[in-house]
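> Numbering that gives the first Met the number 0 puts the first residue of the sequence shown at 0, with every later residue one more than the last.
Backbone N, C-alpha and C define an ideal beta-carbon position, used for all residues, glycine too.
It should be emphasised that the depicted structure is a prediction, and the values quoted were computed from it without experimental measurement.
Pasting a structure here, questions to come.
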Amino acid sequence: MPLNTGGREGPMARATALKRKSFFVDERALRRAKKVLGVATDAEVVRASVERIAEMEAFWQFMKTTRRTLKPGSLRRP
């Protein structure tokens, strides 16, 4: 099975195993997402969208678990 870094390069790149899936997608939504994400293919749109959803879920879990526990100024800006 081929490995893919999800279009990322550098230290944040992460190899993942890809698995073939088949599903129906709204073409208009796919075109809009392709434009917003700045990717060239439908496959990239699906992969990037799924990855972003997973990242947002992790973010909201972090927000939920740290609610009212972080002190102002305890996080450094990048």
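Under 8 Å: do the stretch 18-35 and the stretch 43-55 share three or more Cβ pairs, one atom per stretch?
Cβ pair count under 8 Å is three or more, so yes.
> Under the three-state reduction of DSSP, which class applies to residue 75: helix, strand or coil?
Residue 75 falls in the coil class under three-state DSSP.
> Taking just the CA atoms, how far does residue 33 sit from residue 16?
Spanning the two alpha carbons is a distance of roughly 22 Å.
> Quick one: complete alpha helix (DSSP H) runs, 4+ long, within the stretch 12-39?
Counting whole runs of 4 or more residues, the stretch 12-39 contains the alpha helix (DSSP H) stretches 26-36.
> Quick one: Cα of residue 75 to Cα of residue 68, how far?
One C-alpha to the other measures close to 16 Å.
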